[in-house]
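Participant: With the working numbering, you'll find the sequence shown wraps up at 493, consecutive numbering, no jumps.
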Amino acid sequence: MDLGIRGKTAIVQASSKGLGYGVARALSREGVNLVMNARTKSEVFAAAAQLQEETGNSVHAVAGDVSRHQDLLNLFRECRQTFGDPHILVCNAGGPPRGHFADFNRQDWNSALQNNFTSAVTAVNQVVKPMLKNGWGRILFITSIAVKQPINDLVLSNSARSALTAYAKTIATDLAPNGITVNCLLPGAHRTSRLGQLVQDIVEEDGCSIEEAWDKLGTHAPIGRLGDIDEFGSLAAYLCSRQAAYITGTSILHDGGAFKGLF
Ligand SMILES: NC(=O)c1ccc[n+]([C@@H]2O[C@H](COP(=O)([O-])OP(=O)(O)OC[C@H]3O[C@@H](n4cnc5c(N)ncnc54)[C@H](OP(=O)(O)O)[C@@H]3O)[C@@H](O)[C@H]2O)c1
């Protein structure tokens, strides 16, 4: 299916690897001009070169930390200079640290909110005017299954992502009449480096191999395996498509059936 977004411009934050990379790859395969971002310059430049080689479409890399205001502004400046204003914005960032609620101080909370909430608000403020002018836009926030089913010891993540979900729903209503959709994608467990520490813990506790530990993590989902970044990317690309014009203000799980509730 042609998603009807060839020639549009997308910014995918935090995309040198993992879920962000899966989204970047899916959009580049659709012929989108892509701006990728991550903090580690060598990795984001290598990932961009690899994607451009693979898809034959234009990919530009910008190193920067989305939780730092100046880095974020620079990301949008470079996009405008290279391709023009973005038509598609995918907000993503690394996850906050694990821990019990009593372990975290004011600074920890401020950092988590800056990383996983305020950075997205700033990013939207950068794109919304040109999207309104164009009468077309796609905004996607990568959050987590945790907004429907909070995860133990991830109080910072559970809370910051829930705030982002409320923000997304609010602006989706405001922007809907202008051809701009706003949605959240909620990953369950996917095979990315984010889960590397959990895999190490299983190896140490069970004495199994790394591959067996990855398989074991996958058994938490009824489908019986971890999610794949290309599967995730395909869903994201669809939500950014011309055909997805009637989907807005919603949160969509990609979790292999792991969520235990009804809705
Ligand atoms: N994987 C899962 O199963 C899962 C499930 C639910 C939610 N999530 C959430 O989804 C998001 C992506 O997870 P992932 O599994 O794809 O992680 P990952 O494989 O560790 O990849 C994270 C990517 O984000 C970049 N990044 C991290 N912090 C950044 C920052 N402040 N500014 C810019 N780039 C940054 C990393 O590169 P640099 O380190 O070089 O910056 C890397 O490219 C996280 O918020 C995670 O908590 C993941």
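Ideal Cβ placement from N, Cα and C applies to all residues, glycine included. In this text, all values refer to a predicted model and were calculated from it rather than measured experimentally.
Can you give me the start and stop residues for the beta strand (DSSP E) that alanine 538 sits inside?
Facilitator: Past the boundaries of the shown model lies residue 538; the chain is included only from 231 to 493, so the question cannot be answered.
Participant: Can you give me the Cβ contacts of threonine 403 inside the same chain, cut-off strictly under 8 Å, excluding the 5 residues immediately before and after it?
Facilitator: Here the set comprises Gly479.
Participant: What three-state label does DSSP hand valine 242 in the structure shown?
Facilitator: The answer is strand: DSSP assigns valine 242 an E or B state.
Participant: Regarding glutamine 356 and ligand 1, is the C-beta to nearest heavy atom distance less than 8 Å?
Facilitator: Glutamine 356 Cβ: outside cutoff for every heavy atom of ligand 1.
Participant: Leucine 233 to glycine 250, Cα distance in whole Å?
Facilitator: The alpha-carbon atoms of leucine 233 and glycine 250 are separated by roughly 19 Å.
Participant: Please report the distance separating the alpha-carbon of isoleucine 318 from that of alanine 342.
Facilitator: Spanning the two alpha carbons is a distance of roughly 24 Å.
Participant: Glycine 448 by DSSP, collapsed to three states: which one?
Facilitator: Looking at glycine 448 - three-state DSSP - the assignment turns out to be helix.
Participant: Is the number of C-beta pairs between the region 378 to 391 and the region 330 to 347 that are closer than 8 Å three or more?
Facilitator: Yes, the region 378 to 391 is in contact with the region 330 to 347.
Participant: May I ask you to check if the CB of glutamine 473 is nearer than 8 Å to at least one heavy atom of ligand 1?
Facilitator: No - ligand 1 has no heavy atom lying nearer than 8 Å to the Cβ of glutamine 473.
Participant: Give the range of the beta strand (DSSP E) segment to which phenylalanine 371 is assigned.
Facilitator: It spans 367 to 372 - the beta strand (DSSP E) in which phenylalanine 371 sits, taken as one unbroken run.
Participant: Helix, strand or coil for glycine 457 per DSSP?
Facilitator: If DSSP states are grouped into helix, strand and coil, glycine 457 belongs with the strands.
Participant: With hydrogens ignored, establish whether the beta-carbon of arginine 269 is closer than 8 Å to any heavy atom of ligand 1.
Facilitator: For ligand 1, at least one heavy atom lies less than 8 Å from the Cβ of arginine 269.
Participant: Quick one: using the 10 Å Cβ neighbour count with 16 as the cut-off for buried, is alanine 276 buried or exposed?
Facilitator: It is exposed - the Cβ of alanine 276 has fewer than 16 other Cβ atoms within 10 Å.
Participant: For the region 434 to 448 and the region 407 to 418, state whether three or more C-beta atom pairs, one from each stretch, are separated by less than 8 Å.
Facilitator: They do not touch, by the three-pair rule.
Participant: By DSSP's criteria, isoleucine 318 is part of a beta bridge. Which residues make up the other side?
Facilitator: Beta-bridge pairing links isoleucine 318 to Ala240, Arg368.
Participant: Taking 8 Å as the cut-off, is the C-beta of tyrosine 468 nearer than that to any heavy atom in ligand 1?
Facilitator: Incorrect: tyrosine 468 has no Cβ contact closer than 8 Å to ligand 1.
Participant: For leucine 281, does the three-state DSSP call read helix, strand or coil?
Facilitator: Residue state, collapsed to three classes: helix.
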